[in-house]
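Beneath this line is the structure, given in structure tokens, with notes to follow.
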Amino acid sequence: MAAAAQTQASPTTGSVVELRHVHKWYGEFHVLKDINLQVRLGERVVVCGPSGSGKSTMIRCINRLEEHQRGHIFVEGKELTNDLRQVDAIRKEVGMVFQHFNLFPHMTVLENLILGPTWVRKIPRKEAIDTAMMYLERVKIPEQANKHPGQLSGGQQQRVAIARSLCMKPKIMLFDEPTSALDPEMIKEVLDVMVELAEEGMTMICVTHEMGFARTVGDTMVFMDQGEIVEMAPPAEFFANPKNERTQLFLSQILSH
Amino acid sequence: MTDRTAAHEDWTRPPAATTGVIGWMRKNLFSSWLNSLMTLLAIYVLISTIPGLFQWAFIDAIWGDNPPEVCKNMPGACWSFINEKYRLILFGVYPYEEQWRPLVAMIIFLTLIFGSCIKPLWVLGKWIMAIWAVGLVMVGILMWGGVLGMEYVDQSQWGGLPLTLFLATFGAVLSFPLAILLALGRRSDMPAIKTICVVYIELIRGVPLISILFMASVMFPLFLPTGVSIDKLLRAVVGLILFSAAYGAEIVRGGLQAIPRGQYEAADAMGLTYWQKMGKVILPQALRITIPPMVNGFIGGFKDTSLVLIIGLFDLLYATRLAFQDISWRPYYIEGYVFCALIYFCFCFFMSRYSQWLERYLAKGQNY
Ligand SMILES: Nc1ncnc2c1ncn2[C@@H]1O[C@H](COP(=O)(O)OP(=O)(O)OP(=O)(O)O)[C@@H](O)[C@H]1O
Ligand SMILES: [Mg+2]
């Protein structure tokens, strides 16, 4: 059995993220059921599905904020195991943006941005500041560098959070509903930044219900329900003729308003 | 003349009854029946205590250099007692001729403490540690002597305020890192570490300080090989540190619990190691919110140092009691306690005010 698992344990060539027969339980509750997903370099995957379907859990397994209990997850060819050093090595390459930003409130925006680069990547402070300012300009808020996160609007905070991830020069970006805690007028400024990022060729896995965004930049739509991947297709096909009836129901609900 | 009433009502100002002293009193002291009742009650209590106290402490008091006979059967406070004995109270049984040394040592020590509290001096950064090291060496040389022509004074002769300050400061400062480690350990994923910390905290918290000090002084030596002896003062400090660390740990744990899970996750997702995450992200936030209960603990600990008398150390309170062991001054113990209480109060009040300032200072620019 162990030997069989060993022989399986090598990622499919060409995929930067691969989930293979991944299962996870919270106690008795089966949150992830046999998840299979391959993400190529530069691919943009958009994950959607009803609340509680396990979307967050799935992408949180990719940087091991959650542990999977069965199956294999490979990131950049390395498998996620209990080896903490391996986990840290993978986390360096994977950026994550959260629904509630999770900026560090006791630091200024700039300090938030250089924390990872200086401590994890061991980049000299001066250089880290230059990079940070560059990314702050990219997300269009260089003038806020010395403020504390609490003094910024939600949209600005989320753009800072994206910049913070980018400062680590990640190869893959995970987004967990980055716009769903924002007021409507701020959603666009965050989506604009994400579209730009996609156009530069960043590999992205994004949980979102922003279907406009999914249509413009998505390469693959993933629909999850009750812990399973129910349907996976390019956006054009996914929206035009969804095959599964659960997908049809979900789309009819979400597109009706 | 006809629109006189209109002119009379000045719309540009608030009505007189809501401003000024009367307005303030109406709003704050007599806003309701209950409030008025409480105000009157408070006034009554003040009237029935303050004038009498004032009469005793100032008007009828006997000041200056007088023998105890002068105070006999007098209605006021006998401050001559303090006049006579303040050096015993402040410095205990430290050799009389040498008492300038603990005085200077104490001034250096307090300068170090207050200096470290003042914001403009924080620019010194790491130098503060070096200054402390030099300062403490100077304090040690002054207290022990034995060099530079100063007579050697064994620490069994130290006492009074310097002793209380040393005990309280080292007890508080050194227990702090231990408290943090215990709190982190208690929240650790590793069962062995977690169990050790839980057992330690619960054990120490379940026992009075007096018994810990007593064990430190009586039981420690039993475990040590014959010939090796740890000094009484050191044992007291160790006892105080071990004790306050258990309480501090629970305070820190409360702070850690108040930090949202997202903060841990963001730090993890960035690839920070455990100690980087704690040191840079979690503890700075957790410790800020634990300032009020921490300082509360320090204030309690400061006064708890008076319990070291049971292992025979002459702290401020014990030295005060020593002062009225003198038969002729015995009736004036109240004055002694008042004096002693005032000293305690000054330090505790400073700590309290400082913590309030620190809280506001650290809260600047961030709102949760
Ligand atoms: N720590 C936990 N312990 C137990 N159950 C959990 C835990 N975290 C999540 N769950 C459950 O797992 C299921 C999947 O949660 P998950 O957060 O992945 O859903 P989601 O698809 O992201 O939903 P949403 O759109 O609301 O964010 C939910 O039913 C949730 O109640
Ligand atoms: Mg979710």
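For the protein sequence lines, the chains are H and V, in the order given. The letter at position 177 of the first sequence is residue 183 when you use the numbering used here, and the numbering goes up by one with no holes. The letter at position 176 of the second sequence is residue 180 when you use the numbering used here, and the numbering goes up by one with no holes. Ideal Cβ positions, reconstructed from N, Cα and C, are used throughout, including at glycine.
- Item | Local conformation of ARG70 (chain H) per DSSP, three classes | Residue 70 (chain H) sits at position 64 when you count from the first residue of the first sequence. Residue state, collapsed to three classes: coil.
- Message: Taking the beta carbon of ARG76 (chain H) as the centre, do at least 16 other beta carbons fall within 10 Å, making it buried, or is it exposed?
- Response: Start at 1 with the first residue of the first sequence, and residue 76 (chain H) comes out as number 70. Exposed, since its Cβ has fewer than 16 Cβ neighbours within 10 Å.
- Item | Simplified DSSP assignment, three categories, for LYS175 (chain H) | The residue labelled residue 175 (chain H) in the question sits at position 169 within the first sequence. Annotated three-state conformation of LYS175 (chain H) is coil, per DSSP.
- Message: Is it buried or exposed, GLN360 (chain V), if we count other Cβ atoms within 10 angstroms and call 16 or more buried?
- Response: Your numbering for residue 360 (chain V) matches position 356 in the second sequence. So GLN360 (chain V) ends up on the exposed side.
- Query: How many Å lie between LEU57 (chain V) and ILE338 (chain V) at the Cα?
  - Reply: By one-based count along the second sequence, residue 57 (chain V) stands at place 53. By one-based count along the second sequence, residue 338 (chain V) stands at place 334. Taking the straight line from one Cα to the other gives about 13 Å.
- In chain order, what residues of the stretch 111 to 125 of chain H put their CB closer than 7 Å to some CB of chain V? PRO111, HIS112, LEU121, GLY122 and TRP125
- Just to confirm, are VAL37 (chain H) and ILE211 (chain H) a CB contact at a threshold of 9 Å? For the purposes of this step, residue 37 (chain H) is identified with residue 31 of the first sequence, where counting begins at 1. For the purposes of this step, residue 211 (chain H) is identified with residue 205 of the first sequence, where counting begins at 1. Contact: no.
- Item | Residue from H:HIS74, H:ILE260 and H:THR253 whose Cα sits closest to the Cα of ILE41 (chain H) | Locating residue 41 (chain H) in the first sequence gives position 35, where the first residue counts as 1. Looking at the Cα atoms, H:HIS74 is the closest of the given residues.
- Message: Whole angstroms are fine: how far does the CA of MET142 (chain V) sit from the CA of GLY175 (chain V)?
- Response: Stepping through the second sequence from its first residue, residue 175 (chain V) is reached at position 171. Stepping through the second sequence from its first residue, residue 142 (chain V) is reached at position 138. Answer to the nearest angstrom: the Cα atoms are 20 Å apart.
- Task: With a 10 Å radius around its C-beta and 16 neighbouring C-beta atoms as the bar for buried, classify ASN87 (chain V) as buried or exposed.
- Result: For the purposes of this step, residue 87 (chain V) is taken as the residue at position 83 of the second sequence. The residue is exposed, with fewer than 16 neighbouring Cβ atoms inside 10 Å.
- Heavy atom of ligand 1 within 8 Å of VAL93 (chain H) beta-carbon: Counting from one through the first sequence, the residue named residue 93 (chain H) turns up at place 87. The answer is no for VAL93 (chain H).
- Query: CB MET238 (chain H) to CB LEU43 (chain H), shorter than 9 Å?
  - Reply: For the purposes of this step, residue 238 (chain H) is taken as the residue at position 232 of the first sequence. For the purposes of this step, residue 43 (chain H) is taken as the residue at position 37 of the first sequence. In this structure, LEU43 (chain H) lies closer than 9 Å to MET238 (chain H) by Cβ.
- Task: State yes or no: is the C-beta of GLN105 (chain H) nearer than 8 Å to some heavy atom of ligand 2?
- Result: Position 99 of the first sequence, counted from the first residue, corresponds to residue 105 (chain H). Within the cutoff, so yes.
- Message: Tell me whether the stretch 165 to 177 of chain H and the stretch 136 to 147 of chain H touch, counting them as touching only if at least three CB pairs, one residue from each stretch, are closer than 8 Å.
- Response: yes
- Neighbour list for HIS106 (chain H) in chain V, Cβ cutoff strictly below 7 Å: Locating residue 106 (chain H) in the first sequence gives position 100, counting from the first residue. Simply GLY266.
- Query: Mind pulling the alpha helix (DSSP H) runs of 4 or more residues that sit fully within the stretch 212 to 242 of chain V?
  - Reply: 213 to 222 and 224 to 227
- Task: Give the residues of chain V in contact with ARG97 (chain H), contact being defined as C-beta atoms less than 9 Å apart.
- Result: Sequence index remark: in the first sequence, residue 97 (chain H) carries index 91 (1-based). Residues of chain V passing the Cβ test: ASP272, ALA273, MET274, GLY275 and LEU276.
- Message: Suppose contacts are defined by Cβ-Cβ distances below 9 Å. Is GLU85 (chain H) in contact with PRO190 (chain H) by that definition?
- Response: Translated into the one-based positions of the first sequence, residue 85 (chain H) becomes position 79. Translated into the one-based positions of the first sequence, residue 190 (chain H) becomes position 184. No; because the gap between Cβ atoms is not below 9 Å, this pair is not in contact.
- Message: Could you check if VAL213 (chain H) belongs to the surroundings of ligand 2, using beta carbon to heavy atom distance under 8 Å?
- Response: Here the question's residue 213 (chain H) lines up with position 207 in the first sequence. Yes, ligand 2 has a heavy atom inside 8 Å of this Cβ.
- Item | 8 Å Cβ cut-off: residues of chain V touching MET217 (chain H) | Taking the first residue of the first sequence as 1, we reach residue 217 (chain H) at position 211. Correct list: empty, because the minimum Cβ distance to chain V is about 26 Å.
- Which ranges would you report for the beta strand (DSSP E) in the stretch 73 to 109 of chain V if only whole runs of at least 3 residues count? none
- Span of the alpha helix (DSSP H) around MET298 (chain V): Taking the first residue of the second sequence as 1, we reach residue 298 (chain V) at position 294. 295 to 308 is the extent of the alpha helix (DSSP H) around MET298 (chain V).
- With a cut-off of 8 Å, do at least 3 Cβ pairs link the stretch 244 to 259 of chain V to the stretch 203 to 212 of chain V? yes
- Message: Against MET238 (chain H), what residues of chain V qualify as contacts under a CB-to-CB distance less than 7 Å, listed in chain order?
- Response: Indexing the first sequence from 1 puts residue 238 (chain H) at position 232. Neighbours of MET238 (chain H) on chain V: none; closest Cβ ~25 Å, over 7 Å.
- Query: GLY266 (chain V) to ARG66 (chain H), Cα distance in whole Å?
  - Reply: If you number the second sequence from 1, residue 266 (chain V) lands on position 262. If you number the first sequence from 1, residue 66 (chain H) lands on position 60. Cα-Cα distance, rounded: 12 Å.
- Task: Count the other C-beta atoms from every protein chain shown that fall within 10 angstroms of the C-beta of ASP158 (chain V), then say buried if there are 16 or more, exposed otherwise.
- Result: Counting from one through the second sequence, the residue named residue 158 (chain V) turns up at place 154. The residue is exposed, with fewer than 16 neighbouring Cβ atoms inside 10 Å.
- Based on the DSSP output, what are the partners of TRP31 (chain H) in its beta bridges? Position 25 of the first sequence, counted from the start, is the residue given in the question as residue 31 (chain H). H:HIS36.
- Task: Spell out the partners DSSP gives GLN44 (chain H) in its beta bridges.
- Result: Within the first sequence, residue 44 (chain H) is the residue found at index 38, counting from 1. BP columns for GLN44 (chain H) point to H:GLU24.
- Run down chain V in chain order and give the residues with a C-beta less than 7 Å from the C-beta of MET102 (chain H). In the first sequence, residue 102 (chain H) corresponds to position 96, counting from 1. Within 7 Å Cβ-Cβ: ALA273.
- Message: According to DSSP, is ALA262 (chain V) part of a helix, a strand, or is it coil?
- Response: Numbered from 1 along the second sequence, position 258 holds the residue referred to as residue 262 (chain V). Note: ALA262 (chain V) maps to coil in three-state DSSP.
- Item | Through-space distance from MET282 (chain V) to VAL126 (chain H), alpha-carbon basis | In the first sequence, the residue the question calls residue 126 (chain H) occupies position 120. In the second sequence, the residue the question calls residue 282 (chain V) occupies position 278. In this structure, the alpha-carbon of VAL126 (chain H) lies about 14 Å from that of MET282 (chain V).
- Task: Could you list which residues in chain V have their beta carbon closer than 7 Å to that of ASN69 (chain H), in chain order?
- Result: Position 63 of the first sequence holds residue 69 (chain H). Within chain V, the residues near ASN69 (chain H) are ALA273.
- Quick check: the stretch 182 to 198 of chain H against the stretch 26 to 36 of chain H, are there 3 or more CB pairs under 8 Å? no
- Query: Under a three-way DSSP split, which group does VAL202 (chain V) fall into?
  - Reply: Within the second sequence, the letter at position 198 stands for residue 202 (chain V). Three-state DSSP puts VAL202 (chain V) in a helix.
- Query: Would the beta-carbon of THR168 (chain V) fall within 9 Å of that of LEU320 (chain V)?
  - Reply: Looking up residue 168 (chain V) in the second sequence gives position 164. Looking up residue 320 (chain V) in the second sequence gives position 316. A contact, by the Cβ cut-off of 9 Å.
- Which residues have their C-beta within less than 5 Å of a heavy atom of ligand 1, listed in chain order? The set of residues whose C-beta lies within less than 5 Å of a heavy atom of ligand 1 reads, in chain order, H:TYR32, H:VAL37, H:SER57, H:GLY58, H:SER59, H:GLY60, H:LYS61, H:SER62 and H:THR63.
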